[in-house]
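Structure, as C-alpha cells:
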Amino acid sequence: MTGQAENSGCGPSRRPRVRDNIQKGAMEFVEQLKSSVQIESVIGEYVRLRKSGANRFTGLCPFHNEKTGSFTVHAAKQFYYCFGCHATGNVVNFVMEMEHVSFFEALKSLSERYGIPMPKRSQYSDEDSKLRAAIHQMHELAQETFRANLNGQPGDAARSYIGRRGLSPETVEQFGLGYSEPSGRALVRLFEQRGFTSGQMEQSGLVGKGEDGSLYGRFRNRLMFPIQNESGKIIAYGGRALSADDKAKYLNSPETPIYKKSQVLYNLHRAKEAIRKEERVILVEGYMDAIGVSSAGFGAVVASCGTALTPQQVQALKRHAPKIAVNFDPDAAGANATERSINLLLQEGMQVRIVELDGGLDPDEYCQQRGAEAYRKRLDMAKGYFFWLADRLRAKHDMHTTEGKVAVLQALLPAVHRISDALERGVIANELAGYIGVDKGMVLDSFRKRAAERHEKALDRPTAAMRPDERMLLSAMFGEAADQMEIIRELRSLESIANFTARRILETVFALNEAGGRVSFEAVNARLEEADQRLLAEAVLREDMEYSAEEVLAALKRVRLSEHQQKTEQLKMRIRELERQGRIGEAMQLMAEQPRPSLIADDASAANRAARRGVQ
Ligand SMILES: [Zn+2]
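Position 96, counted from 1, in the sequence shown is what this note's numbering calls 289; the numbers after and before it change by one each time, with no gaps.
What follows is the structure, given as C-alpha cells:
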C-alpha cells in the first residue's frame, strides 16, 4: 500500500538522479519537519488513535479494511506500521498516501498546516505537481472571486435565494458560499492575467472551451458551494442554478488532477471533530442538507453530493466513527439510494441506522420548519437498518400468510449476510425472525448453508519471520538502555549473520557504524528496502520495551550458542561422513577441534533465564 512511485527522500536510491539535488534540499526540511511535527497528531487527524504503549498508538488501518486496529504509530521513532497490510512509512509518506499527493505536495501541505516555512528551491519537482499546484491556486482565486460576487451587486439574486433558504450570514461565511456571474468571462480574464495557460485552465475543471476555441467559466449564474478535501483545501465546486432556465439544477466540477469524486465527502473536514466526539456521522444527500443540518447544531454531518457512495468514502467515515445515521431524501429515489449505500456500509462493518423524517421533508427543510429539537428526536428514533428494511418489505407483502413472511425473510437475508461480524450477524438474524414472526430455526438453517460457502479472505503474512532474539536485539539496538556499540561489536563477530532474517538490516547498521558513531533508527530505516522496513518496524513495535544490558547480552549469547550448535552439528556430520569413507585419521583430527560443551554451559543457562522473562 505504501508503494507510491515517488518516495519521501528517506528511501534508497530508487528515484531518478535529476531529482537528487532538489531532494537533498528537501531532506533537511524533512528532518526539520519531522522534528517539529508529532506524527501521532498528524495521523490522528485521519485515524482515531488510542494510546497503546509508552510511545505507541493504535487505530483502524486507513489502508485496508479491518475491524480491529492493527495500525500502529510509534511516536518516538516517528513511523507507522500496519500489522495487517504492512503499510509503513513516516509522516510524509502518510500524507502522500492519504491525500494521494506527491512527496513535495505532502511537504507543502504539512508545512502549511504546521506553520513551518518551506525552502523555496524545493517547491515542485515535476510537471504533475506543477499542474496540481496551478489548479489549487486557480481554486483559491475562484473562491475570492465567487465570494466577492456574492457580496457585491452581481450577487443580488443569489443573496435573495440564500435569504429564502433561511441561511444566516454566519452560515454563508462558514461554508464559503459564493456566486458565479452569468457571463463566465471574468474568471477566465483573471486566470489569464495571473499567467495561467489555457491548458491549465481547461484541466482545472473551472473553465470550459467553446466550439470556437474560446474559454469560458464553467459555472455561470450559480450559487457556489466550495468542496474541500479532508485537510480543508478547496478542490472542486458544486453550483446550484438560480435561473429556472438552467437545465441542470446542480452542476459539479468534473474530475481533475486534484479532485477524485469517489474519494471526497462534502463537509468532512469541518465535521470530523464532531464525528469523533459523537462517534457517529450523519450522512445526507446534498450540500444544502449538510449545511442545514450543521447549522441546526448537528455538526457531525457529511453529504455524498448526488453520487453513489463509494468504498473509499465509507472507509474515510469509518476512520472517524463506527456508527452512521443515513438521512436521505424521503422520496423513492432517496429510499433506493439508501438501500444501495447501506450494502456498502454493512460490508465495511459500520453500524447503520436510518433516519426517517415525516411530512415528506428533506433534512434541510425539516430543520428549518420543525426545528433542531424535532430533528434530534428523529435522530434518536432512527431505526436499525434491518428494521427499516423489514418495514419496507412488510408493506409489500401480506404478512398474515406464511408465504408473505417467508418472502420478506428471503429478501432480508442477503443484507444480513453482508454483516461482516459473525456474532452481530447472528444477533440481528434472531431479532429479525422475531420481528417478522417467522421460526428462528428457519433463519439459522439459511445461515448454516451460507456459512459453508463463506470464506473470509485472510491477509497474507510476511513470509520471513524473525527469531525473537533477532527482534529483541534490533529493538535494543535503537533503545536507550543498552549499549549500541557493544551490540554492534558482538553482532559483527558472529558468523551466522548471513542466516539472519534481519541480515540486510544489520548490514546497513554495520555500514553506517563504520562511517562513524551511533546509528539512529531513522538513518537505518531510510536506507532499507520496503520489505526490510516492515521487518524493522515490526521488530521495534513488538518489542516495545527497554531491555537491560544484561538481557541483551543474554540474547547475544543465545544467538552465539545456536551458532555454536549449528557448527557442532555440521562438524558431527562431517566426521560421520569421513568415518563412512574410512578416513579415520581425518575424522579424529576434526573431533579434536570440536569445542567442549562445558565451555558454553553458563551461557546457555543465562540465556534460558532471559528467555523465561518473556522475549517471545
Ligand atoms: Zn493496514
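Here a beta-carbon is modelled for each residue, glycine too, at the ideal position from N, C-alpha and C.
Residue 257 sits in coil when the DSSP states are folded into three classes, being neither helix nor strand.
The beta-carbon separation of residue 486 and residue 557, rounded to 7 Å, stays under the 8 Å limit for a contact.
Your pair residue 364 and residue 488 checks out as a contact, with CB atoms roughly 5 Å apart and the cut at 8 Å.
The Cβ-Cβ distance between residue 723 and residue 694 does not fall below 9 Å. Annotation: the stretch 269-338 contains the following complete segments of the beta strand (DSSP E) (minimum length 3 residues), in chain order: 272-275.
Spanning the alpha carbons of residue 628 and residue 526 requires a straight line of approximately 26 Å.
For the pair of segments examined, the stretch 268-287 was found to touch the stretch 715-730: the number of CB pairs separated by less than 8 Å reaches three.
Environment of ligand 1, chain-ordered: 194, 254, 256, 257, 259, 263, 264, 275, 277, 278, 280, taking every residue with Cβ within less than 7 Å of a heavy atom.
Between residue 598 and residue 636, the alpha-carbon positions lie close to 12 Å from each other. Three or more beta-carbon pairs separated by less than 8 Å are not found between the stretch 398-409 and the stretch 336-348, which leaves the two stretches without contact. By the C-beta density criterion, residue 511 is buried, having at least 16 other C-beta atoms within 10 angstroms. Beta-bridge partners of residue 417 (DSSP): 371, 432. Taking the C-beta atoms as reference points, residue 733 is found no nearer than 9 Å to residue 703. Between residue 406 and residue 417, the C-beta spacing is not below 9 Å. Check the Cα spacing between residue 444 and each of 474, 475, 479, 458: the tightest is with 479. The distance from the Cβ of residue 275 to that of residue 256 is about 6 Å, consistent with a contact at the 8 Å cut-off.
DSSP places residue 576 in the strand class (E or B) of the three-state scheme.
In this structure, residue 285 places its C-beta atom within 9 Å of the C-beta atom of residue 223. Residue nearest to residue 744 within the set 668, 705, 328 is 668 (criterion: CA-CA distance). Of 600, 549, 690, the smallest CA-CA separation from residue 590 is found for 600.
Under the 8 Å Cβ criterion, the stretch 461-471 does not count as touching the stretch 321-335, having fewer than three qualifying pairs. If you draw a straight line from the Cα of residue 450 to the Cα of residue 295, it comes to about 12 Å. Inclusion of residue 428 and residue 474 in the CB contact set at 9 Å is not warranted, their separation being larger than that value.
Restricted to the stretch 436-516, the beta strand (DSSP E) segments that are unbroken, complete and at least 3 residues in length are 443-445, 473-477, 494-496, listed in chain order.
In the structure shown, residue 544 falls within a strand segment according to DSSP collapsed to helix, strand and coil. Between residue 291 and the set 423, 533, 520, the nearest pair of CA atoms involves 423. Beta-bridge partners of residue 408 (DSSP): 402. The beta carbons of residue 454 and residue 500 sit closer together than 9 Å. Selection 610, 547, 559 evaluated against residue 585 yields 547 as nearest (Cα-Cα). When DSSP states are grouped into helix, strand and coil, residue 426 belongs to the coil group.
DSSP, reduced to helix, strand and coil, places residue 250 within a strand of the structure shown. Relative to the Cα of residue 750, the nearest Cα in the group 687, 763, 710, 413 belongs to 687. Residue pairing for residue 243: DSSP places it in a beta bridge opposite 251. Boundaries for residue 595: no beta strand (DSSP E) harbours it, while the alpha helix (DSSP H) harbouring it runs 595-610, taken from the DSSP string.
According to DSSP, residue 390 shares a beta bridge with no other residue. Look at residue 694 here: in three-state DSSP terms it is coil, with no helix or strand label.
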